[in-house]
Ligand SMILES: [Zn+2]
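In our numbering, the protein residues as written are 5 to 406.
1) What separation, rounded to the nearest whole angstrom, lies between the Cα atoms of residue 47 and residue 59?
2) Quick check: is any heavy atom of ligand 1 less than 7 Å from the C-beta of residue 193?
3) How would the residue list near ligand 1 read, in chain order, if you kept each one whose beta-carbon is closer than 5 Å to any heavy atom?
4) Under DSSP, the beta strand (DSSP E) around residue 93 begins and ends at which residues?
5) Alpha carbon to alpha carbon, how far is residue 330 from residue 349? Give it in angstroms, no decimals.
6) In terms of alpha-carbon separation, which member of 235, 283 and 106 lies closest to residue 309?
7) Rounding to the nearest angstrom, what Cα-Cα distance links residue 134 and residue 345 in this structure?
8) I'd like the ranges of any beta strand (DSSP E) spanning at least 3 consecutive residues and lying wholly in the segment 99-123.
9) Does the Cβ of residue 241 have 16 or more other Cβ atoms within 10 Å, making it buried, or fewer, making it exposed?
10) So residue 382 and residue 212 are supposed to be a Cβ contact under 8 Å. How far apart are they, rounded?
11) Going by DSSP in three states, residue 65 sits in which element: helix, strand or coil?
12) In the DSSP assignment, find the alpha helix (DSSP H) that holds residue 266 and state where it starts and stops.
13) Could you tell me the distance, in whole angstroms, from the CA atom of residue 365 to the CA atom of residue 359?
14) What's the gap between the Cα of residue 126 and the Cα of residue 182?
15) When you compare only the Cα positions, how much space is there between residue 179 and residue 155?
16) Tell me the residue span of the alpha helix (DSSP H) that contains residue 185.
17) Measure how close the beta-carbons of residue 158 and residue 192 come, nearest whole angstrom, since I'm counting them as under 8 Å.
18) Between the C-alpha atoms of residue 201 and residue 386, what's the straight-line distance to the nearest angstrom?
19) Threshold first: 3 residues or longer. Then list the beta strand (DSSP E) segments lying entirely within the segment 200-269, N to C.
20) Out of 86, 104, 92 and 120, point me to the one whose CA is closest to residue 110's CA.
21) When you compare the segment 268-281 with the segment 250-259, are there three or more beta-carbon pairs, one atom per stretch, that lie closer than 8 Å?
22) Out of curiosity, what's the CA-to-CA distance linking residue 170 and residue 185?
23) Kindly indicate which three-state DSSP category residue 332 falls into: helix, strand or coil?
24) When the Cα of residue 55 is compared with those of 35, 79, 64 and 34, which residue comes out closest?
Pasting the structure below:
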């Protein structure tokens with residue numbers, strides 16, 4: 005492990021790495037122009053990335069004034085990051101390279117009703133299996149990003165909620181997974197991770213919101229290429245925006261929360277009151293599996309299932325209009341396991357309502373899209389967080405072995 009010493013300018017290095025990742029091969033002059041940084045700052049940042057082995061020089065190109073420009077290029081295999089996103093019903097694990105490309109991916113079991121210790125040991129085993137499958141040496145792995153629901157204390161790596169069971173509240177998730185794998189672990193909000201995962205495939209300075217739906221509903225906002233974190237990274241909780249002012253009390257303390265109406269638990273809860281629907285769709289498995297069955301039935305014309313999904317879509321649109329009105333983004337991206345199968349059904353409804361109702365529609369349009377891999381985006385984002393945290397925290401930076 006080499007040390008680069010305390011350096012508060014690491015965010016600069018992170019921003020430069022993002023740009024090199026986007027452009028792959030680029031000169032320092034172009035980097036300075038694109039970021040507005042001085043040549044000296046840029047040279048310093050590139051030198052640091054070269055010392056880490058993350059970029060290397062690949063010859064020269066002639067510039068418009070005839071001066072040769074030395075080109076630098078990303079080294080995708082210089083390091084790898086692991087990402088795991090989980091909730092009660094589902095989980096995905098990925099290993100990505102420095103370019104953000106997924107090298108290995110696995111569907112993993114959700115947490116269910118199990119104790120956190122049991123779940124984390126299973127995920128630690130999955131990390132081993134994934135790294136072995138891709139023949140990636142441990143020394144090249146920067147760490148693991150673990151994404152799940154909030155509220156959470158990212159610094160301490162713990163959840164501050166008794167969900168899915170009281171055992172999870174303040175259980176040392178990050179510390180325990182770190183101990184079991186020998187790799188640094190960063191805890192992250194799943195919806196924010198989904199935003200970072202989508203950002204990995206977008207322009208370095210893009211502005212968009214991710215509407216995330218898996219076991220529950222959340223959102224992430226990316227402003228100028230960076231996740232909006234608020235004071236404690238517990239904001240943009242779209243699922244706990246009240247869409248029925250006098251609605252039933254939610255576990256969070258608020259009334260008529262979106263999650264209780266549009267989310268898998270809300271939709272499935274309604275369906276479980278309808279005996280013919282239960283037997284017709286074979287409901288009664290877990291909440292997400294049941295929700296997907298209802299969505300599939302609605303897509304194939306089951307009238308009762310359609311009513312449930314329509315209610316879900318309408319309320320999701322109300323909350324999404326609020327989200328767009330607050331953050332003035334140009335794009336809404338749908339991500340998460342619940343959108344993986346029939347996200348286009350939600351996409352059309354959201355697009356129609358946004359076109360009619362968002363405040364800034366006369367200034368710019370707001371496009372709704374599905375994430376490239378809706379179910380994988382949060383795990384990919386969690387993996388990206390590991391690198392981001394390392395680069396953006398001042399102090400010693402561990403260098404992966406080459
Ligand atoms: Zn709530």
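For glycine and all other residues, C-beta sits at the position ideal for the given N, C-alpha and C.
The model shown is predicted, which means the values in this text are computed figures rather than measured ones.
To lay it out plainly:
1) For the purposes of this step, residue 47 is taken as residue 43 along the chain shown, with counting starting at 1. For the purposes of this step, residue 59 is taken as residue 55 along the chain shown, with counting starting at 1. Each residue's Cα considered, the two are about 13 Å apart.
2) As a working mapping, residue 193 is identified with position 189 in the chain shown. No, the Cβ of residue 193 stays beyond 7 Å of every heavy atom of ligand 1.
3) Every residue passing the under-5 Å Cβ criterion appears here: 244, 254, 256, 258 and 261.
4) Sequence index remark: in the chain shown, residue 93 carries index 89 (1-based). Residue 93 -> no beta strand (DSSP E), and no H or E assigned at all.
5) Within the chain shown, numbered from 1, the residue matching residue 349 stands at position 345. Within the chain shown, numbered from 1, the residue matching residue 330 stands at position 326. Cα to Cα, residue 349 sits roughly 25 Å from residue 330.
6) On the chain shown, position 305 is the one that residue 309 refers to. It is 283 whose Cα lies nearest to the Cα of residue 309.
7) If you number the chain shown from 1, residue 134 lands on position 130. If you number the chain shown from 1, residue 345 lands on position 341. If I take the Cα positions, the gap works out to 25 Å.
8) For secondary structure counted as the beta strand (DSSP E) over 3 or more consecutive residues, the segment 99-123 holds these complete runs in sequence order: 106-113.
9) Sequence index remark: in the chain shown, residue 241 carries index 237 (1-based). It counts as buried.
10) On the chain shown, position 378 is the one that residue 382 refers to. On the chain shown, position 208 is the one that residue 212 refers to. So it is not a contact: roughly 15 Å between Cβ atoms.
11) The residue you call residue 65 lines up with position 61 of the chain shown. Three-state result, residue 65: strand.
12) Numbered from 1 along the chain shown, position 262 holds the residue referred to as residue 266. Start and end: 262-266.
13) Looking up residue 365 in the chain shown gives position 361. Looking up residue 359 in the chain shown gives position 355. Approximately 7 Å, taken between the alpha carbons.
14) In the chain shown, the residue the question calls residue 126 occupies position 122. In the chain shown, the residue the question calls residue 182 occupies position 178. Distance between the alpha carbons of residue 126 and residue 182 is about 13 Å.
15) Taking the chain shown and counting its residues from 1, the one referred to as residue 179 is at position 175. Taking the chain shown and counting its residues from 1, the one referred to as residue 155 is at position 151. Straight-line Cα distance between these residues: approximately 18 Å.
16) Residue 185 sits at position 181 when you count from the first residue of the chain shown. If you look at residue 185, you'll find it in the alpha helix (DSSP H) that goes 177-185.
17) Walking along the chain shown from the start, residue 158 turns up at place 154. Walking along the chain shown from the start, residue 192 turns up at place 188. About 7 Å separates the beta carbons of residue 158 and residue 192, which is inside the 8 Å limit, making them a contact pair.
18) Mapped onto the chain shown, residue 201 falls at position 197. Mapped onto the chain shown, residue 386 falls at position 382. Distance between the alpha carbons of residue 201 and residue 386: 7 Å.
19) Listed in chain order, they are 212-217 and 221-227.
20) Taking the chain shown and counting its residues from 1, one reaches residue 110 at position 106. Ranking the options by Cα distance to residue 110, first place goes to 86.
21) Taking 8 Å as the limit for Cβ pairs, the verdict is that the segment 250-259 does not touch the segment 268-281.
22) The count along the chain shown starts at 1 and reaches residue 170 at position 166. The count along the chain shown starts at 1 and reaches residue 185 at position 181. Cα to Cα, the separation comes out at about 25 Å.
23) Counting from one through the chain shown, the residue named residue 332 turns up at place 328. The three-state secondary structure of residue 332, taken from DSSP, is coil.
24) Position 51 of the chain shown, counted from the start, is the residue given in the question as residue 55. Among 35, 79, 64 and 34, the Cα nearest to that of residue 55 belongs to 79.
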